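Same order as they appear, the protein sequences are chains U and V. When we follow the numbering used here, the leftmost residue of the first sequence carries the number 375, and every step to the right adds one. When we follow the numbering used here, the leftmost residue of the second sequence carries the number 375, and every step to the right adds one. Backbone N, C-alpha and C fix where the C-beta goes; we use that ideal spot for every residue, glycine too. Nothing here was measured: the structure is a model prediction, and the numbers come from that model. As structure tokens, the structure follows; a few thoughts come after it.
2 protein chains.
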Amino acid sequence: MSVDQTGEERTDTTMEATNLIHRVDKITGHWQPEHLMTVDSSHTLKLAKIQGTFIWHCHPATDEVFYCVSGGPMRLELSTNATSPEHAEEIGADQTVELRVGDIFKVPRGVQHRPIADVETGIMMIEKVGTVNTGDREGHELTTELKGSEV
Amino acid sequence: MSVDQTGEERTDTTMEATNLIHRVDKITGHWQPEHLMTVDSSHTLKLAKIQGTFIWHCHPATDEVFYCVSGGPMRLELSTNATSPEHAEEIGADQTVELRVGDIFKVPRGVQHRPIADVETGIMMIEKVGTVNTGDREGHELTTELKGSEV
């Protein structure tokens, strides 16, 4: 990538594209996001495999983009009037967004949501660095560390 | 999306996913990015169709993610030691990254680059809000306004 003082070429980064389908295929386990890349130190692209129904939660400080890479269809249930996960649990979803392979959707910050996938689905997410998968339910048994270095 | 004081449901946003292939297919013209969505008021997802060879340029203040949606393959030529577009033109590429459909790659901020597509290719880009397509060559005949509202 650059030439150091000895005149030898240093390769600081792998200058290769990543195929999302191949990369997400390697993931084992569900609901355990892996780091793909960081953009401008502020946002992270993550990959995960999901299956089943996740818990209601929201991210008060970040939008969260979902992109369906493989498998699917999956659904994003939104409870746009809910003020907490418990409230969402009580009043349920008022919007359901279906994502098939190639579909993208942004859950706005602060909106209670839960992903559901009847079959195993590979997804990419875009959100702020440091975002925890279970949002305002940090500490839940499904809360997990991001796999791979974030920055 | 929410209930107003008359008790009627207001739909503020279309709660539907966007299919990247269908959306990029609607674009006419090359090298003219269209707004897809904004994430956290800081980053924009854009779609474009490209064909041919773009000009050397860099974005001093933002990383730029390229994702190949349709068509392809395309190439990103990088001139990682170049200090200006003119310098890149002179010394040429020292890295070439090929992207086929489903491939993603980040051009780090400040790196001189130019996309090349022998056949018409649909791409998604992720970069900071306000990023100009020709980067540090703003004012070039290929410089264009982003189509669609950014925020």
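Proximity below 8 Å, CB of residue i to CB of residue j
| i | j | result |
| --- | --- | --- |
| L450(V) | V475(V) | no |
| E408(V) | K502(V) | no |
| Q425(V) | H396(V) | no |
| G509(V) | H461(V) | no |
| K420(V) | L410(V) | yes |
| V413(U) | T454(U) | no |
| E494(U) | K423(U) | yes |
| P459(V) | I429(V) | yes |
| T392(V) | I497(U) | no |
| V443(V) | V398(V) | yes |
| I500(V) | H433(V) | no |
| L452(V) | D437(V) | no |
| R488(U) | A435(U) | no |
| G446(U) | L473(U) | yes |
| T518(U) | Q406(U) | yes |
Range of the contiguous beta strand (DSSP E) that encloses residue i
| i | result |
| --- | --- |
| L421(U) | H417 to T427 |
| L452(U) | M448 to S453 |
| H433(U) | First-last for H433(U): undefined, no H or E at that position. |
| I497(U) | Q486 to K502 |
| I465(U) | It is not in any beta strand (DSSP E) - I465(U) instead sits in the alpha helix (DSSP H) that spans P459 to I465. |
| I401(U) | Segment: none, I401(U) is in no beta strand (DSSP E) and carries neither H nor E. |
| D477(U) | D477 to V481 |
| H409(V) | E408 to V413 |
| L520(U) | Unbroken run through L520(U): none, as it is neither H nor E. |
| V471(U) | Q469 to L473 |
Closer than 8 Å at the beta carbon, the chain U residues around residue i
| i | result |
| --- | --- |
| N507(V) | Neighbours of N507(V) on chain U: none; closest Cβ ~17 Å, over 8 Å. |
| K342(V) | What is shown of chain V runs 375 to 525, which leaves residue 342(V) out entirely. |
| L452(V) | M389 |
Within-8 Å CB hit, residue i to chain C
| i | result |
| --- | --- |
| E472(U) | Structure shown: chain C not included; protein chains present are U and V. |
Where residue i meets chain V, residues with beta-carbon distance less than 8 Å
| i | result |
| --- | --- |
| L520(U) | Here the premise fails: no neighbours, minimum Cβ distance about 17 Å. |
Within chain V, partners of residue i - CB distance below 7 Å
| i | result |
| --- | --- |
| G476(U) | N393, L394 and I395 |
Beta-carbon neighbours of residue i, restricted to chain U and to distances below 7 Å
| i | result |
| --- | --- |
| E390(V) | V471 |
May I ask you to list, following chain order, the residues of the region 409 to 439 of chain V that have a beta carbon less than 7 Å from some beta carbon of chain U? Those residues of the region 409 to 439 of chain V that come within reach of chain U (Cβ to Cβ, closer than 7 Å) are M411, V413, D414, S416, H417, T436, D437 and V439.
Any C-beta of chain U within less than 9 Å: which residues of the region 492 to 503 of chain V qualify? M498, I500, E501 and K502
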